[in-house]
Every structure is written in structure tokens, then in C-alpha cells.
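Under the working numbering, the first residue of the sequence shown carries the number 2, and numbering increases by one thereafter.
Written below as C-alpha cells is the structure these notes are about.
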Amino acid sequence: MRDLKRPNAKLPAYKFLSDIGFEVFTPMRQLISTRLGRRTRCEVPVIPDILFVKSTRNSLDPIVQRTATLQYRFAKGGSYCQPMTVRHSDMDKFIAAVASTDTPVFYHPTELLPNMVGKRIRIVGGALDGYEGALLSIRGSRKKRIIVEIPGIMAVGVEINPDFIQLLS
2 MRDLKRPNAK
12 LPAYKFLSDI
22 GFEVFTPMRQ
32 LISTRLGRRT
42 RCEVPVIPDI
52 LFVKSTRNSL
62 DPIVQRTATL
72 QYRFAKGGSY
82 CQPMTVRHSD
92 MDKFIAAVAS
102 TDTPVFYHPT
112 ELLPNMVGKR
122 IRIVGGALDG
132 YEGALLSIRG
142 SRKKRIIVEI
152 PGIMAVGVEI
162 NPDFIQLLS
């Protein structure tokens with residue numbers, strides 16, 4: 002879904018929807034800001050207008066009609082006025098990957114160039130046990146990261162322990 006409120010709004014859509022009982026996920030990052038002369042650490046959305054809501058369209062429609070700053074995000078090239086959906090398995094995998102690390106690095110799918118995508122790997126052990134994906138190759142980086150992607154929407158690079166990496170052929 003899309004949240005059209007200002008980035009400094011007191012009640013953004015992800016808080017509003019979670020307060021009324023919906024399961025909402027929006028990727029967050031840490032930001033240090035100055036308020037009243039003091040530096041404070043706060044969490045802000047990585048992409049301010051995107052949020053993922055686990056619900057049916059029938060239960061969301063009345064809320065979207067009442068709230069002028071909340072809209073569906075529509076899929077490009079599909080059928081007319083069809084809201085974008087993400088499979089539960091893909092979303093659960095993405096949320097678990099983001100929660101497993103303190104320093105996730107978010108990417109738009111167009112930012113991942115073919116030379117950045119490395120060998121296919123499987124994670125054996127640890128918080129991401131059983132995940133399969135591609136190793137993220139960034140020149141000069143000594144950290145190993147796996148790419149976990151929501152197809153066509155966003156990807157995250159998650160730091161992993163090299164001991165848990167199993168190469169796939």
C-alpha cells in the first residue's frame with residue numbers, strides 16, 4: 002500500500018493500521034535527528050510511502066475509502082486496478098531476514114546489477130537456516146551478504162556468517 006502523509010506526520014499509516022488491528026510491515030532504518038537541541042535516534046521507514054499489510058481487500062476497502070492519504074499500490078502491466086500482492090511465503094522470508102540482522106541494506110531491484118549477484122548459496126545453520134539465494138558481491142567488502150528479494154519490489158542484503166554458507170552447483 003501507499004502512505005501519502007508527510008514523512009514527519011505524527012501518525013503515519015503503518016502505526017494507524019497496526020493500532021486498529023492489522024498486521025503491518027514496513028522496512029525501517031535508524032536515523033539520528035536533532036529535536037529541541039538534542040540528538041535522538043529514531044526509526045524511520047526506508048521508503049516513506051510503502052507498507053505491507055496482511056489482510057484481505059474486503060476488510061481494507063472501508064479504511065482506504067475513509068482515509069484520503071492511504072492508497073493501494075497497483076501492479077504495472079497487469080489487469081486494470083488490481084492491487085499489488087506479495088505471496089505469504091515471500092513476505093515471511095523477507096521479514097525474517099530483515100529481523101535477523103541489525104544492519105540490513107535495502108536495494109531496489111534495478112540497483113542490483115548482474116555483476117553484484119554472485120554464486121548461488123544455501124544457508125546451513127543460524128537464524129536463516131535453509132534460505133537459498135545469491136551471494137552479494139560488493140567490491141572491497143569483506144562481509145558476506147545474501148540477497149533476499151520480494152520479486153519486483155525490493156531486496157535486502159543480509160550479513161551472514163561465512164561458516165553457514167554452502168555453495169550450490
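In this text, a Cβ means the ideal position worked out from N, Cα and C, and glycines have one as well.
Helix, strand or coil at residue i according to DSSP, with G and I counted as helix
i    : result
F26  : strand
R121 : strand
A14  : helix
D4   : strand
R140 : coil
P56  : Per the sequence shown, residue 56 should be read as Ser rather than Pro. Three-state result, S56: coil.
Beta bridge counterpart(s) of residue i as assigned by DSSP
i    : result
K145 : I161
L129 : Looking at the DSSP assignment, L129 forms no beta bridge with any residue, so it has no partner.
L32  : C43
Buried versus exposed call for residue i [16 or more other C-beta atoms within 10 Å across all chains shown]
i    : result
L169 : exposed
L114 : exposed
D4   : buried
Pairwise C-alpha distance: residue j and residue i
i    : j    : result
A76  : D103 : 31 angstroms
Y132 : V157 : 13 angstroms
M2   : I122 : 32 angstroms
P13  : M155 : 21 angstroms
I21  : R7   : 20 angstroms
V25  : T111 : 25 angstroms
**Q.** Residue ranges of each alpha helix (DSSP H) within the region 62-111, 4 or longer
**A.** Here the runs fully enclosed are 89-100.
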